[in-house]
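Numbering (my numbering), first residue to last: 362 to 667.
Below: one structure, written as structure tokens.
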Amino acid sequence: MNKTPPLRAIQAFEAFGRRGSMTAAATELGVSVGAVSQQIRKAEEALEVRLLERRGRSVALTALGRVYHAAVSLGFDQIRAAQGIIDRAQSANTLTISCLPSLASKWIGPQLLDWQIAHPGATVRLVGAETEPRLDTEGVDFRISYGEKYRDFNHYIELFTDWVVPACSPALLARHPVRKPADILDLPLLSIEWARDHRSPPSWTEWAASIGAMYQKASGEVAFSLSSAAIDAATNGRGVVLAQLSMAAEDIASGRLIVPFNQRLKLSQAYFLAWDRAALEKPFGPELRAWIVSNSKRMGAALMAS
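And the structure:
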């Protein structure tokens, strides 16, 4: 009668099957490659079957090994899920915000420190990410994103709709004075083209049409996938950017950017805040959500008034 292999042997076998190599399994388990190989041999001896087969210089699961691995993986998946529950419980005082990278660096990031100073018992992680996270499985409490991606979440609220306006550094404007809005189109232009997941903000072609001018994208025009990078390039005198006001407000207020003509266009979609319901059960979770919402309302009101 076959014996049940030792748990260490099953663990080594499961890690090899999941990671695909002895080296990767050994690294994960913190042991030597020889130790992994030895443990798998113990499993084979207890089961009296071959779990691995050599193919030239590589090692792979046998047909029976694949069947056995699929079965034991279920148990290890449950163990890892249980560990995740413990990890989340231990980080109950940590609130994680996932945010579009440009919003993280140019809007909420600079202000988040003030909130945390006012709530000394809270720990907040701000993660810049383009991809929408799974709030229930990735340890993310809040997500700030744009457009129709709100449909990926169960709990969300609209924040504000942004505007773009032409902006450049004072040095660039001193070198290239402009008398009318259409003169901007003769300057070096910086474009923003977001990834396919989001509808890009208004283009220079759309802005030109709004002032009754014609413009076609030039071959030398520089396009940025991150709004923050385009705004930074403009502050460094590299060209004129159609800056999102929520992200450029601080640079404009400080004089690092100048708006030659307040000819603005509204973005077609709004930003939104989504949250995991469990986040509101954490200490400071409701307060952080309320702060983000009220902060965005102030931003929306300021955009309308300016």
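All C-beta atoms, glycine included, are put in the ideal place defined by N, C-alpha and C.
Contact check for L603 against W568 passes: the beta carbons are separated by less than 8 Å. A straight line joining the alpha-carbon of L664 with that of E519 spans about 15 Å.
DSSP places L408 in no beta strand (DSSP E) but in the uninterrupted alpha helix (DSSP H) bounded by V394 to L408. In this structure, the CA atom of F645 is about 12 Å from the CA atom of F503. Separation of A535 and A639 (C-alpha to C-alpha, rounded to the nearest whole angstrom) is 53 Å. Along the region 411-441, the beta strand (DSSP E) occurs as fully enclosed runs of 3 or more residues at 413-416 and 419-422, listed in sequence order. For R504, DSSP records a beta bridge to S459 and A635. By the criterion of at least three beta-carbon pairs nearer than 8 Å, the region 486-500 is not in contact with the region 613-628. Taken through DSSP and simplified to helix, strand or coil, G381 comes out as coil. Looking only at D544, K658, G426 and W468, the smallest Cα-Cα distance to G573 is reached by D544.
Rounded to the nearest angstrom, the Cβ distance from F374 to I401 is 5 Å, consistent with a contact under 8 Å. In this chain, the beta strand (DSSP E) harbouring W524 covers W524 to A528.
By the Cβ neighbour-count rule, G395 is exposed, with fewer than 16 other Cβ atoms within 10 Å of its own.
Shortest Cα-Cα distance from P462 to any of S589, P471 and T522 involves S589. Around A651, the same chain offers no residue with a beta carbon nearer than 6 Å, after the five sequence neighbours per side are excluded. Rounded to the nearest whole angstrom, the C-alpha separation of A528 and L634 is 27 Å. Excluding its 5 nearest sequence neighbours in each direction, Q472 has C-beta neighbours in its own chain below 7 Å: N656, listed in chain order. Look at S655 here: in three-state DSSP terms it is helix. C-alpha of Y632 to C-alpha of A479: approximately 25 Å in a straight line.
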